[in-house]
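FYI, my numbering numbers position 4 of the sequence shown as 162, with every residue one higher than the one before it.
Heads up, the beta-carbon is just placed ideally off N, CA and C, and yes, glycines get one too.
Fair warning: this is a prediction, and the values are worked out from it, not measured in the lab.
Let me begin by presenting the structure, written as structure tokens, before commenting on it.
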Amino acid sequence: MKKCLIVINTSKKESQSEGKEIARYLLTKGVSSAFYNFDGFSSENPFEGFDFAVTLGGDGTVLFAARGCVRYGIPVFSVNFGEFGFIASVQKNEWKKELDKFLMGKSIIEERSMLQAALVRSASDKTFSSIGLNDVVICAKSSASTILLDITYNEVPLGRFKADGVIVSTATGSTAYSASAGGPIIDPELDALVLTPINSFSLSSRPLVLNPKGEIGITVVPFRHKEVIITVDGQEPFNLEENDVLKIRRISDRFKLVGATSESFYNALCSKLNWSGGPHA
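Shown next as structure tokens:
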């Protein structure tokens, strides 16, 4: 490990001073570093040529790093400066101890699944393809608007969903938007796809946990609300059209996350979501 990219979330003031301290510390270990300022949205990929990355921000900063690092197999050491820290699991007061463990090759490195969403649109050269660690969301562009979607799994029809939209998440993303929409929380060590309707018009419509080896197909059915968008990991939305078909599947590459343990995940459940197993959370 000789070269590190330190990703600083510019909205977290403390992360800038901490980044400089980490860079100085890495230099004493014979590791050179460079900085990248992340403001919440970026289509750049600054990670090529680095041995590992350090993120200083919340889970959103890790999502950005995951999209850029996964293709190169670059591990990400994530220090939590955000609110939840389900993915950015190294706490601010522990980074030096955990970084030493990583540089000595003693850290747990979890490999997480990521999704790809690809658009199939006939008679058009405008295409869309994106990867994400958390989720793919197809929904109405305006709030409180119902859309119509035909959904399949491995080309087997699951039904026509009348809802505000649907979320397809990984186990990692099950604690994000999917959870707020009523989806199940999945231990990230499990590998699964979660299909969660958003405000479904039918009481019989429930979240589904699916085998990640399969492919989910989503067709935008013509309906009175025509403005439909897709977002991947909360990035810039892409406008969909009637009869567009989206194919969502797990990619073969796996994202390497340093220091994520079952203990840190369940601690976050208890401390951030007030998980208690009883009536007095």
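In its chain, beyond the 5 residues on either side, Ala298, Ser303, Thr304, Ile305 have a beta carbon closer than 7 Å to the beta carbon of histidine 383. Comparing alpha-carbon positions, the option among Pro346, Ser429, Ser422, Ser190 lying closest to valine 237 turns out to be Ser422. Counting along the chain, no beta strand (DSSP E) covers glutamine 174; the unbroken alpha helix (DSSP H) around it starts and ends at 171–186.
Annotated three-state conformation of leucine 257 is helix, per DSSP. Looking at the backbone, the Cα of isoleucine 343 and that of threonine 186 are separated by about 41 Å. Collapsing the DSSP output to three states places threonine 328 in a strand.
When the beta-carbon positions are compared, leucine 316 and leucine 353 come within less than 9 Å of each other. According to DSSP, threonine 310 shares a beta bridge with Pro315, Gly375.
Burial state of tyrosine 335 is buried, judged by a 10 Å Cβ sphere holding 16 or more other Cβ atoms. The DSSP-derived three-state label of asparagine 432 is coil.
Lysine 405 carries a strand assignment under DSSP once its states are collapsed to helix, strand and coil.
About 11 Å separates the CB atoms of leucine 221 and asparagine 167; that is not less than 8 Å, and the two are not in contact.
Shown here for phenylalanine 286: same chain residues with a beta carbon closer than 6 Å to its own, the five before and five after excluded, namely Leu277, Phe396 in chain order. Burial check for alanine 192: the Cβ neighbour count within 10 Å stays below 16, so the residue is exposed. For serine 190, the closest C-alpha among the options Cys162, Asn312, Gly226 is that of Cys162. By the C-beta density criterion, cysteine 227 is buried, having at least 16 other C-beta atoms within 10 angstroms. Between lysine 160 and aspartate 209, the CB-CB gap stays under 9 Å. Taking 9 Å as the cut-off, the beta carbon of valine 295 is found closer than this to the beta carbon of glycine 323.
The beta carbon of lysine 259 sits closer than 6 Å to those of Ser265, all from its chain and outside the five residues before and after it, given in chain order. Residue pairing by DSSP places cysteine 162 opposite Ser191, Phe210 in a beta bridge. Looking at the backbone, the Cα of arginine 318 and that of leucine 307 are separated by about 6 Å. Distances from the CA of alanine 339 to each of Phe244, Glu172, Val326 were compared; the closest alpha carbon is that of Val326. Between the region 362–379 and the region 237–255, the count of Cβ pairs shorter than 8 Å is below three; the stretches do not touch. The continuous stretches of alpha helix (DSSP H) do not include glycine 290, which lies in the beta strand (DSSP E) extending over residues 287–290.
The three-state secondary structure of threonine 419, taken from DSSP, is coil.
Lysine 414 and glutamate 269 do touch by the CB rule: their CB atoms are close to 6 Å apart, below 8 Å.
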